[in-house]
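Asker: Just passing along the structure, written as structure tokens.
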Amino acid sequence: MTESGSHKPVLVVGGGVAGLIAALDLAALGREVELVDSAPRLGGQVAKLDKIYPGDHCAFCPLWTEIKRVEENENIRIYLTSNVTTINPEPEGYTVTITGEPGWIDESLCVFCGRCRDICPEQAIRPLWEHASPPSFFIDKTQCTQCGTCPAVCPTDAIDTRRPSVYVVLSVADIVWATGFREADLTPLAEFGYGSHRDIMTSLEFEKWTAESGPNQGRILRRSDKQPPRSIAFIQCAGARDLRLLPYCSGVCCMHALKQAQWVKRRSPEIDCTIFYTDLRTIGRDYYDYGLKSLHMATGVNLVRARPGFIRPMPDGSALALNYEDTEAQKIRLERFDLVVLNGNLRPSLVPSSPGAPAPVALDGDGFVDRAGDDVSRFACGFSREPADIAEAVLHASSSVMQCVTREKGRG
Amino acid sequence: MKQSTVFLCTCYDEIDRVVDCEALRTRLLKDPRVASVTVDEALCREGRMTGLAESMNKHDESVLVAACSPLARGDRLLQDLAKEGIPASRVQLVDLREGCSWIHANDGPEAEKKAVDLLEMGLISLHNKEASADVTVKPAGRVLVIGAGPAGLAAAAALARCGIAVTILERGAEPGGTLGLISKIYPDDITPAERLGPLREAIEAHPDSTLRPRANIVSVSGYAGNFRVRYTSGDREYKETFGAVILATGGRIFLPKGHYRYGELKKVITQMELEGRFKKNLVEGKKAVFIQCVGARCDERPYCATTCCPASIKNAMRIIEEEEGQAWILHRDIMTPGNVLESYYRRSMAMGVQFIRFSPEDPPKVKGIDTVESVEVRDSISGVTRTIPADLVVLSTPLVAGVDTPVLAVHFGLQLDSYGFFREIYPLHPVETRIDGVFICGSARWPVSSEQAALQGEAAAMKAVGLLAGKTLAASELSRVPGPKLGHARADNDSCSGCGNCAAVCPFDAIRLQRRRDGGTFRMVSRVNKFRCKACGSCLSVCPNGTMQIPEASTRSIFGMIEKAFS
């Protein structure tokens, strides 16, 4: 089984933690892997996190190690800024088309010197993200006026606004889905007030905004006036466990909020942090302890069992008003917060953005891959399969690879 | 000493505009350790490093590459050299861009001084580098699985499907583990036999796989690819060699003595006892009260055991459906994360299971004289204290670490967490341990449902197959860093005084003291197992004699660099 030179490669869709480990595991068994990711660098959502729980170190180092191993592996071919656009069954596998939509800066050539960024009159050129490795800039196509200034200063000729789409047709034996999650739009749920004030942000926006390598070098500031907030409200189950949007529990948000509150306290102990929760779900190794630790820290994180009635900007826009029922005190309260972080709006990426559009795989009612649905949906890992944290996503990956290679044997 | 070739990158002026590369070149050429210096505009250009490497004498020259950070493109330059047959042990990378010219962009003279120091340190390191000798082993084809619960059987079945022979050791008389005590599995309502049956069939289909009941480990030695294990099964003792080991010994049910009048009142039972009664159709109770977090999320056991909430939901639904009774679940936080369990929770509410939240400061009270009569609980959401007439109280208790885990941890050199479960390599290797070739899964790792246990079993099997896939296994492959690992520690027998400091601090259990004949007498010396060593350097720091060295990063090179940096 391991000396399977005659096998067709396996397609892994998504280069986040689940996809990386799936690719490495397949390669360790001697299989050829085609790894596709829509972003310009591997790493997925975890690459964009500042810290991970419960170890509290940054996500980047362990992740970078795996990315390097993938890049060095001769059995793995990587397609970045690419998507799977067609899938057609063929004997013992599929013919797939991979469409690459390259950005205007060739990320393989950019040496990150910054001359284009410095010269751009529209400030349309920014780094991919803080930890992208190797670092590279990209041009925001919505801001760029194609004035032609930047290509002239680029020492590597990496900038070209006419880079064509690339099409690759591959024959693969199986497809492993590892497409992760994206954020669901919270504006339809009026009570959260998302979009009504710059200081109401989702937890992933907050993570980026307060990251040590981010725009504020780890300082905790409001987005509206760049001043430190006096109080922050973390709202759990925003959009999740809610039949109007996402009926399921997103699984990772309780720990994510505890982590963020704890890091706020570490950096700025004077900021008041309150987590508004329904059930505080801390079920992994060291998770419950982690929660206790944030409660017992010097000034402590407050826990209130409540869902918000409404969150609204104050009339003068200086802060936010939060109305809620403290269910354990049986009191309805109206309180002022300087910043609100919404947690829970995570939706599997495979759910089509426009309703009614077809998905490439069988999905269940919640939008997760229905692995019993049809043959192309058999192998899924990470958040595309069910709400999963890093360890769970990695476990899905290895188990899917095991099922995939043993199924090959049966098929051959 | 062989001379070094230096490649100096100006990075399209990014380095050159702060640090004068021509001046550096002139300076380096005066150094007797330097053979030649090439200044290049961009070493990272396609094919550039390959071209430069081709012009070198690859057999003995060492290379100093001064360019950007390894996180930018520096590591790629080294990769290109490695492809050309110049190994990492003869290359040193110096970061002159991020670490020097960018960060000191406003202070040219200081940046230049730093660049000179960095290059000097690079040369010192390069000239004290040696390559570690590698060793290989032909891995044994057979895998040992300890524990025949859902995790162990899933691992063994996956291995058998891959054509790998498995020996499964089970402490009890029959396979099944804790799952064997359960009547039905949430959320699909299947029986343990339905879950384990297909796994057992897959194992039995492999002609060379064996399950040994009533087994006990006697001793373990060896390393990845070559674990030598002595064990007993019944009255017989066996000795076998395994390529990899999967630990799936599960957890143990916590018995709630002293909690909620357990053992004092009739009809106060544990969840497991209820499972047993369901199995035998002996459930007596039309008004069942389930109490969650009994002995969990408390000072003694500050963790959530994951499986108890869904288990209570399952059995509460069975009381309603099968016994036509009523069920209350008294809980703290309901732990049903994800999509499947959350909808299971909703289904139970629709069916009429009543959920009452209590606060741990004000726990429920079980009332009755010699049998259960009622349960009094303060509903923390309404603030009202309610008295529930009950004829059955079911205590949901956590899984705790198995009795075998400490012994197995010693046998295999594993770490336990503060609750006694096996610790993994955090965060991206959940079934791997710090000992290569030893994998963990199921509730021996952390309390999980049988479905999760089986998934982890498959994942552990995957890692074992990956380890044994090659015909030979080299110590240098057993690395958790990209590329070849940074050598292994080496002990110089002549200077070793046998103090054992190194063996005591080694986190990978890689060092043993060995008797060695010295003239007419014996003395003890350290011996490093290259397969286990991860080149962490802990042994170097405690060795009083300088016996322990990592050839790629010897104390001479490290102290030389420090001396230079602070001179």
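Quick mapping for you: the protein sequence lines, in order, are chains Y and R.
What the first sequence shows, in this note's numbering, is residues 1 to 412, in sequence order.
What the second sequence shows, in this note's numbering, is residues 413 to 979, in sequence order.
Note that the Cβ used here is the ideal one computed from N, Cα and C, for glycine as well.
1. Runs of 4 residues minimum, wholly inside the segment 749–820 of chain R: which ones carry the alpha helix (DSSP H) assignment?
2. Rounded C-beta distance between residue 627 of chain R and residue 664 of chain R? I'm assuming under 8 Å.
3. Find the residues of chain R that neighbour residue 288 of chain Y, judging by a C-beta separation of less than 7 Å, and give them in chain order.
4. The alpha helix (DSSP H) with residue 720 of chain R in it runs from where to where?
5. So what does residue 93 of chain Y bridge to, in DSSP terms?
6. I'd like to check one pair, residue 975 of chain R with residue 541 of chain R: are the Cβ atoms closer than 7 Å?
7. If we ignore side chains and look at the alpha-carbon of each, how far apart do residue 937 of chain R and residue 927 of chain R end up?
8. List, in chain order, every chain Y residue whose beta-carbon is nearer than 7 Å to that of residue 838 of chain R.
9. Keeping to the same chain, check which residues put their C-beta closer than 7 Å to that of residue 911 of chain R; ignore five residues upstream and five downstream.
10. If we ignore side chains and look at the alpha-carbon of each, how far apart do residue 453 of chain R and residue 422 of chain R end up?
11. Within the same chain, show all residues whose beta-carbon is closer than 6 Å to that of residue 534 of chain R, passing over the 5 residues directly before and after it, in chain order.
12. Taking a Cβ distance cut-off of 7 Å, strictly less, list which residues of the segment 846–862 of chain R are near chain Y, in chain order.
13. Using a beta-carbon distance cut-off of less than 8 Å, what residues from the segment 8–42 of chain Y approach chain R?
14. Compute the beta-carbon to beta-carbon distance between residue 576 of chain R and residue 877 of chain R, rounded to the nearest angstrom, for a pair I have assumed lies under 8 Å.
15. Taking Cβ positions, are residue 686 of chain R and residue 784 of chain R nearer each other than 7 Å?
16. Check residue 592 of chain R in the structure and name its three-state DSSP category.
17. On the CB-based measure, 16 or more other CB atoms within 10 Å of its CB, does residue 392 of chain Y come out buried or exposed?
18. Please classify residue 598 of chain R: is it buried, with 16 or more other beta-carbons within 10 angstroms of its beta-carbon, or exposed?
19. Less than 6 Å between C-beta atoms, sequence neighbours within five positions excluded: which residues of the same chain meet that for residue 248 of chain Y?
20. Taking the straight line between their C-alpha atoms, what separation do you get for residue 381 of chain Y and residue 63 of chain Y?
21. Can a CB atom of chain Y be found closer than 7 Å to the CB of residue 873 of chain R?
22. Could you tell me the distance, in whole angstroms, from the CA atom of residue 46 of chain Y to the CA atom of residue 269 of chain Y?
23. Return the CA-CA distance between residue 837 of chain R and residue 820 of chain R, expressed in angstroms with no decimal places.
24. Tell me the DSSP bridge mates of residue 542 of chain R?
25. Beta-carbon within less than 8 Å of residue 710 of chain R's beta-carbon, same chain only, minus the 5 sequence neighbours each way: which residues are those?
26. Strictly under 7 Å for the Cβ-Cβ distance: is residue 935 of chain R near chain Y by that measure?
27. Under a Cβ-count criterion, where at least 16 other Cβ atoms within 10 Å of its own Cβ denotes burial, should residue 397 of chain R be classed as buried or exposed?
28. Among the residues of its own chain, which have a CB less than 6 Å from the CB of residue 85 of chain Y, if the five just before and after it don't count?
29. Reducing DSSP to helix, strand and coil, say where residue 485 of chain R ends up.
30. Going by beta carbon distance, what residues of the same chain come within less than 6 Å of residue 639 of chain R, once the five residues before and after it are set aside?
31. Would you please verify whether the beta carbon of residue 756 of chain R is less than 7 Å from any beta carbon of chain Y?
32. Between which two residues does the alpha helix (DSSP H) holding residue 624 of chain R run?
33. For residue 118 of chain Y, which residues in chain R fall below 7 Å Cβ to Cβ?
34. Could you say which of R:531, R:502, R:462, R:651 lies nearest to residue 554 of chain R if we only look at CA atoms?
35. Going by C-alpha to C-alpha distance, which of Y:146, Y:17, Y:53 sits closest to residue 257 of chain Y?
36. Write down the C-beta distance between residue 680 of chain R and residue 805 of chain R rounded to the nearest angstrom, noting that I regard them as a contact closer than 8 Å.
Answerer: To lay it out plainly:
1. Whole alpha helix (DSSP H) segments, 4+ residues: 752–763.
2. Between residue 664 of chain R and residue 627 of chain R the Cβ distance is about 18 Å, and since that is not below 8 Å, they are no contact.
3. The contacting residues are 709, 714, 715, 716.
4. Secondary structure note for residue 720 of chain R: its alpha helix (DSSP H) is the uninterrupted segment 720–734.
5. DSSP, once it has assigned bridges, lists Y:90 as partnering residue 93 of chain Y.
6. Contact flag unset, no.
7. A direct Cα-Cα distance of roughly 6 Å separates residue 937 of chain R from residue 927 of chain R.
8. Going along chain Y in sequence order, the residues near residue 838 of chain R (Cβ under 7 Å) are 55.
9. The residues are 956.
10. Answer to the nearest angstrom: the Cα atoms are 5 Å apart.
11. Same-chain partners within the cutoff: 476, 504, 506.
12. Against chain Y - using a Cβ distance shorter than 7 Å - the residues of the segment 846–862 of chain R are 858.
13. Answer in chain order: 17, 21, 25, 28, 29, 30.
14. Contact holds; Cβ gap of about 6 Å.
15. The answer is no: Cβ separation not under 7 Å.
16. Reduced to three states, the DSSP call for residue 592 of chain R is helix.
17. Taking a 10 Å sphere around the C-beta of residue 392 of chain Y, we find 16 or more other C-beta atoms and assign the residue as buried.
18. By the neighbour-count criterion, in which 16 or more other beta carbons inside 10 Å mark a residue as buried, residue 598 of chain R falls on the buried side.
19. Cβ neighbours of residue 248 of chain Y beyond the five flanking positions: 366.
20. Taking the straight line from one Cα to the other gives about 17 Å.
21. Output row for residue 873 of chain R: interface = yes.
22. Going from the Cα of residue 46 of chain Y to the Cα of residue 269 of chain Y covers about 26 Å.
23. If I take the Cα positions, the gap works out to 17 Å.
24. Under DSSP, residue 542 of chain R takes part in no beta bridge, so it has no partner.
25. Once the five neighbours on either side are set aside, the close Cβ partners of residue 710 of chain R are 772.
26. Interface with chain Y (7 Å Cβ-Cβ cutoff): residue 935 of chain R is excluded.
27. What is shown of chain R runs 413 to 979, which leaves residue 397 of chain R out entirely.
28. The answer, listed in chain order, is 97, 99.
29. Helix, per DSSP.
30. Once the five neighbours on either side are set aside, the close Cβ partners of residue 639 of chain R are 654, 657.
31. By the rule that beta-carbons nearer than 7 Å mark a contact, residue 756 of chain R does not touch chain Y.
32. Counting along the chain, residue 624 of chain R sits inside no alpha helix (DSSP H); it lies in the beta strand (DSSP E) bounded by residues 622–624.
33. Contact annotation for residue 118 of chain Y against chain R: no contact, minimum CB-CB distance about 13 Å [criterion: below 7 Å].
34. Ranking the options by Cα distance to residue 554 of chain R, first place goes to R:651.
35. Out of Y:146, Y:17, Y:53, Y:53 has the C-alpha closest to the C-alpha of residue 257 of chain Y.
36. 5 Å between Cβ atoms; contact.
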